[in-house]
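Quick note, the sequences are listed as chains A and B, same order. The opening residue of the first sequence carries number 1 in this note's numbering; numbering runs sequentially from there. The opening residue of the second sequence carries number 725 in this note's numbering; numbering runs sequentially from there. Glycine included, each C-beta is placed from N, C-alpha and C at the ideal position. The structure appears below as structure tokens.
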Amino acid sequence: MTRDAHDPPQRATGAAESQAPASGQAETASSQRSFWGDASTHLDDWIAIEPDGTVVAYSGKVETGTGVRTALAQIVAEELDVPLDRVRLVMGDTGRAPDEGYTAGSMTVRMSGGQLRKAAAEARLALLERASEMLGVPREQLEAQNGVVSMRDAPEQSVSYGELQGGQPFARQISGTALVKPPQEYRVVGSSARRVDLVGKFTGAPSFVHDLRLPGMLHGRVVRARRPGARVLALDDSAVRDAQIIRLGNFIGVVAEREEQAIKAATQLQVTWEERTDLPPMENLYEWLRQQPTADHVVAASGDTENALRRAAKLVHAVYEQPFQAHASIGPSCAVADMQGDTLTVWASSGGVYPLRGALADLLDIPVERIHVIHMEGAGAYGQNGSEDVAADAALLARAVGRPVRVQWSRRDEFIGEPKAAAMVMEATAGLDDDGRIIAWRYDVWSPTHANRPRNALGLLAGSEVREQMPPPAAFIFGGARNAPTNYTLPNQRVMMHGIMNPPLRTSSMRTLGGAGNTFANESFMDELAYAAEMDPLAFRLRHLNDARGRDVLEAAAQTAGWGETLPAGEGRGIAFACYENDEAYVAMVAHVAVDEATGALRVKRMVVAHDCGLIVNPDGVRNQVEGNVIQALSRALKEEVRFDAGGQTTVDWESYPILTFSEVPEIEIVLINRPDEPSVGAGEPATVTVAAAVANAVYTATRARLRRVPFTPERVQAALAVR
Amino acid sequence: MPDQLTITVNGAPHVVQATADTPLLYVLRNELELNGPLFGCGQEQCGACTVLRGQEPVRSCMLPVGEIAGAQITTLEGLGTAEDIHPVQQAFIEEQAAQCGYCSPGLIVTTAALLWRRPHPTDEQIRAALDGNLCRCGSHARIVRAVRRADELMWGGDGQ
């Protein structure tokens, strides 16, 4: 399969995170453009050569802690034949970098990498042409190496990139005709180059937006109810010292010379919020979700599913549930803003500097040309955390006081303010024939949107506060159908998405969107079907899977994990497989768990992962991502659930939202399958989706208890043991 | 109004302006402009703000600066620099033991304290020592490897 790296995906579902209309219609070209940006084809917008020969590459994507700054630099170094340390990336800056929309959906290496590869090849061609003129030698007799163009037969005849092009624009389009290197010639791409940012991060260099200190900078904090958008009934500032209070409608902030003064002022300020107690009871959340008005669409359909279900020899039915979860970035969001005259500069860890600029322009009612958004790293976000919202907070406070303001969210601000990963319900029914083959598959998923990035003022927390309107429902419902269809060959199937318009908590993108919930359901259900068919779960999957790359990852994971070997009582292995977004990376994993039946405690001892993401740009970078996916997804599967009562969220800190600790992390073994002839697809998400099902399936092997609701807390395990 | 206090950080005395009840974290970050200790929760729950008091890891986010008079405080920056790197930092680089890196400073100083106190720790002891430091990106496996490597660099390879 080949795909133009720069073309946005054209599918109605399963595409990388984007925002389809609530009707479920195919995405329009314009919604694609606003999500993935509208990047230039002019070479100077992507590559520049400095007089000392340094190659500057511009990317509209940003580093979110996944190592893409290094991977993109490797791609540019490769095509331009310069050492890696001669490449400098400028990422996510509305003044300098191209508009590539959001950094999302594990698309950075594919999109920005694909574009930079073409740009760098074009730049190399331009350098060779210019050298040919300067040296008076036909281009065919020249070669580029280490940032120098020289004659193949007379290497002393040479000229450096800096001499050829330093400081001068290329003034040409990326024609797309410059030849890119064939993968077998790669030297930099495919190597485990060390991350360019880690020495600084490990020695205390300023690395995060949190570390930005501007002359005259003040410190701001916001004061929010535990229900975003709540109305202010009364404000008592009599206890506040050493801070200025900014109130704009229901938006309340404090600004002080010193950070500790701002923190103190935020707690001294007494705000009476209007209380509303209309959130649904958590114990009925999943029933409630299914009772809401929905926008429905068919995600996949073939054959005659209802008829095939009627003639099945055996029917299997199950319902699975996935809770609201939090990004829970280790560093709460932070931003710095400065408004001088009519021009606003914002430093933010937003994954989409151009879309954020548009939303801020609406919020402040100033033209986008007067706003400069510069990305600086935050703590890992894994989707949309508070980065956009805190940027709006900083912008409002900076405008109010006329000096640079740094706003640092508190832990509680982040847990309450960040949009959540959407809760989901998945219901599956399948029919087996006499021979244990699946002849019918019916699948329904109920989910609020998984993508709701701010497009205007009301998409930002501060926007709804300033305008005194409740945050509007999402304009689009997207992402709930990700990986709702499987990659198995199923003769009769019907997969349906039911989009929920009014979730009790604000939701937006978190790693894999609906992929985690859907794969938990599909791969748990495949296991239930295997047992119903009295077949080994691996053999049952292989029997229904024709895709060679899919079979390869399943077999590699099973073999490495010792699938089929005997384990002590109370222990078990479980397997799960997915092709992320149905046509991206392939992943299979085997979990090995031990269950303490007396307490319900679940210990994951080992996870074995086989992973195929096409051509691998940086093997250690991919391993790092796969490990991270497995551990974070394990944390989500075992522990994580955002809780609320009728009046708002009760999850506010690490005590109410525990995550996996060092002692709980299992041994992880990774088998990378490199496919140099297949395009590179993202590795930042795929290994998340299969984790919950692999663990639940392992628990079933160990105990014959079936876990159908995430997270698998000891209480849930005990409940499942009681009904087996 | 802030008072004048003298604190000893990374081997040198510093006169800083702060009221005695100000958490040490904000003095380190805003008065001394150090980036190593980071704000994570302000509730001593995550470890991102960890610094060393003497050779003991402490959370700086709630520790009043007035209480550390006479103590030797060491932050990430005091362990080593890019030019003169500490073995624990070196080991974290060699193992590429981070993703976003926000929890790294706290983990690095906690590791140094562990290895000074207990050369050649077992895996279980390493994990127990790091359990109070949260990592959200899931770099745990390589962080444990980095601690083992740091132990080798500091004390030689005859550990476990």
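The CB of Ile659/A comes closer than 9 angstroms to the CB of Leu858, Cys859 and Arg860 in chain B, given here in chain order.
In the three-state reduction of the DSSP assignment, Phe816/B falls in the helix class, which pools H, G and I. Residues of chain A with a Cβ closer than 7 angstroms to the Cβ of Gly790/B do not exist, since the nearest Cβ in that chain sits about 12 angstroms away. Nothing from the segment 500-521 of chain A brings a Cβ to less than 8 angstroms from some Cβ of chain B. From the listed residues Arg213/A, Arg224/A and Val642/A, the smallest Cα separation to Tyr750/B is found for Arg213/A. Distance from the CA of Ala71/A to the CA of Ser863/B, rounded to the nearest whole angstrom, comes to 18 angstroms. Distance from the Cα of Gln820/B is smallest, within the candidate group Leu128/A, Val90/A, Leu198/A and Ala123/A, for Leu198/A.
Listed along chain B, the residues sitting closer than 7 angstroms to Pro206/A by beta-carbon distance are Asn759. The Cβ-Cβ distance between Val652/A and Arg412/A falls below 9 angstroms. Contact annotation: Leu396/A and Phe251/A have beta-carbon atoms nearer than 9 angstroms. With distances taken between CA atoms, Met589/A lies nearest to Glu627/A out of Leu567/A, Glu565/A, Phe170/A and Glu627/A. The beta carbon of Ala646/A lies closer than 6 angstroms to those of Thr277 and Leu279 in the same chain, with the five residues before and after it left out.
Note that the segment 287-295 of chain A touches the segment 493-512 of chain A; at least 3 beta-carbon pairs, one per stretch, sit closer than 8 angstroms. Interface with chain A (9 angstroms Cβ-Cβ cutoff): Gly735/B is excluded. Cα atoms of Gly204/A and Ser828/B: separation of roughly 10 angstroms, rounded to the nearest angstrom.
With a cutoff of 9 angstroms on beta-carbon distance, Gly514/A and Leu461/A are scored as not near each other. Closer than 9 angstroms to the CB of Val868/B there is at least one CB belonging to chain A. When secondary structure is reduced to three states using DSSP, Trp563/A falls in the coil class, being assigned neither helix nor strand. As far as DSSP is concerned, Glu555/A takes part in no beta bridge. Contact of Ile575/A with chain B is not assigned, every C-beta pair being separated by 9 angstroms or more. Contact annotation: Phe662/A and Asp727/B have beta-carbon atoms that are not nearer than 9 angstroms. When only Cα atoms are considered, Val617/A and Arg675/A end up about 11 angstroms apart. By the C-beta density criterion, Pro537/A is buried, having at least 16 other C-beta atoms within 10 angstroms. According to the DSSP secondary-structure assignment, Thr429/A is paired through a beta bridge with His317/A and Arg442/A. At a cut-off of 9 angstroms between C-beta atoms, Leu309/A does not count as an interface residue with respect to chain B.
When Phe525/A, Val595/A, Ala265/A and Pro138/A are compared, the shortest CA-CA separation from Glu715/A is found for Val595/A. By the criterion of at least three beta-carbon pairs nearer than 8 angstroms, the segment 422-436 of chain A is in contact with the segment 301-313 of chain A. Counting along the chain, the unbroken beta strand (DSSP E) around Met497/A starts and ends at Gln493 to Ile500. Fewer than three beta-carbon pairs drawn from the segment 227-242 of chain A and the segment 433-443 of chain A are found closer than 8 angstroms, and the two stretches are therefore not classed as touching. In this structure, Ser447/A and Ala379/A do not form a Cβ contact; the two beta carbons are roughly 27 angstroms apart against a cut-off of 8 angstroms. Within the same chain, Met607, Glu627 and Val630 come within 6 angstroms of Ile668/A by CB-CB distance, once the 5 residues on both sides are set aside.
In the three-state reduction of the DSSP assignment, Trp347/A falls in the strand class, which pools E and B.
If you draw a straight line from the Cα of Met535/A to the Cα of Glu565/A, it comes to about 16 angstroms. Contact between Val188/A and Ala77/A holds, with the beta-carbon distance rounding to 5 angstroms and staying under 8 angstroms. The C-beta of Thr599/A has fewer than 16 other C-beta atoms within 10 Å across all chains shown, which makes the residue exposed. Taking the C-beta atoms as reference points, Gly351/A is found no nearer than 9 angstroms to Gln325/A.
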